[in-house]
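Read through the structure below, which is laid out as structure tokens, and then see the notes.
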Amino acid sequence: MSKFAEPMVRLIDSLKKLPGIGAKSAQRLAFHILRSSDEDAEGLAAAVRDVKAKLRLCSNCNNITDVDPCVYCSSATRNQRMVCVVEEPTNIAAIEKTKHFNGVYHVLHGSISPLHGVGPDQLRISNLMRRVDDGQVDEVILATNPTIEGEATATYLSGQLRRAGLKVTRIAMGIPVGSDIEYADEITMLKAMEGRREL
Ligand SMILES: [Zn+2]
């Protein structure tokens, strides 16, 4: 027999399924929720429900959105002809933070990883090709991660995207700002040398 009442066990079991939450943390969170106000608990439950009921992927760029097309794809002030390709929806926030990119996005929802059995077919690439083939795009910026998977994805896409008049670029990678080149590993140093620019 369990030491907690059934509704509590159910909440703890649900919380345990979250990434990084073990049995102890799940129990602590469940008791926190039990002690919180009706309003807070109901707010949490409603937020969880809404995320599943109201959010979907933008049919144009695969960003997570509550309106289709998403705010970027429907924006009249953004350059719809410059498309930045990222692995995950969360990567968009990192680029938006710079306040220097005024193009739009395309989210792949993953990267090519033969080790994990992820091939190009499992990524959301087809609607990117459609945008390019419809002549809607002048430049595709490949902003996948500087990992083996991200590099493989960028290489694959650059091959697929070869079209007359389409510019395909890769974000520069290298030494993080504020660090010392003495501590850079050789791949980072190599990328930094490759990405050099004229001053
Ligand atoms: Zn969109």
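Counted the way the working numbering counts, the sequence shown spans residues 7 to 205. Think of the CB as a built atom: it goes at the ideal place given N, C-alpha and C, for glycine as much as any other residue.
8 angstroms contact criterion, which residue i and residue j should meet: CB distance rounded
{"i": "V91", "j": "L172", "result": "With 8 angstroms as the limit, V91 and L172 do not qualify as a contact, their Cβ atoms being about 13 angstroms apart."}
{"i": "I131", "j": "L114", "result": "7 angstroms"}
{"i": "V110", "j": "V89", "result": "6 angstroms"}
{"i": "G201", "j": "A178", "result": "4 angstroms"}
{"i": "I98", "j": "N69", "result": "6 angstroms"}
{"i": "I193", "j": "I187", "result": "That pair is no contact at about 13 angstroms."}
Closer than 6 angstroms: residue i CB and nearest ligand 1 heavy atom
{"i": "N108", "result": "no"}
{"i": "C64", "result": "yes"}
{"i": "C67", "result": "yes"}
{"i": "C76", "result": "yes"}
{"i": "C90", "result": "no"}
According to DSSP, residues forming a beta bridge with residue i
{"i": "K173", "result": "E145"}
{"i": "Y111", "result": "C90"}
{"i": "S119", "result": "V124"}
{"i": "T71", "result": "R62"}
Residue of the options minimising C-alpha distance to residue i
{"i": "R168", "options": "G156, E155, D139 and D186", "result": "D139"}
{"i": "T153", "options": "E93, G26, L61 and N108", "result": "E93"}
{"i": "L121", "options": "S42, A158 and K30", "result": "A158"}
{"i": "L61", "options": "S81, A198, T71 and A11", "result": "T71"}
{"i": "N66", "options": "R87, A51 and V57", "result": "R87"}
{"i": "D144", "options": "K58, A36, I193 and N85", "result": "N85"}
{"i": "N151", "options": "G28, I18, T96 and D191", "result": "T96"}
{"i": "F37", "options": "V54, D19 and A53", "result": "D19"}
{"i": "A51", "options": "C76, L17 and P25", "result": "L17"}
{"i": "T161", "options": "A100, S119 and D44", "result": "S119"}
{"i": "R41", "options": "M14, V124, K105 and E102", "result": "M14"}
{"i": "L63", "options": "V77, R55 and A53", "result": "V77"}
{"i": "T83", "options": "A32, V183, F107 and K103", "result": "F107"}
{"i": "R34", "options": "G49, F10, D56 and V57", "result": "F10"}
Alpha helix (DSSP H) segment containing residue i, residue limits
{"i": "Q33", "result": "A29 to R41"}
{"i": "N133", "result": "S132 to D139"}
{"i": "Y189", "result": "No alpha helix (DSSP H) holds Y189; DSSP gives it neither H nor E."}
{"i": "M14", "result": "E12 to K22"}
{"i": "S164", "result": "I154 to Q166"}
{"i": "A100", "result": "T96 to E102"}
is_contact[residue i, chain C] using C-beta, thresh 7 angstroms
{"i": "V92", "result": "Looking for chain C here will not work: only one protein chain is present."}
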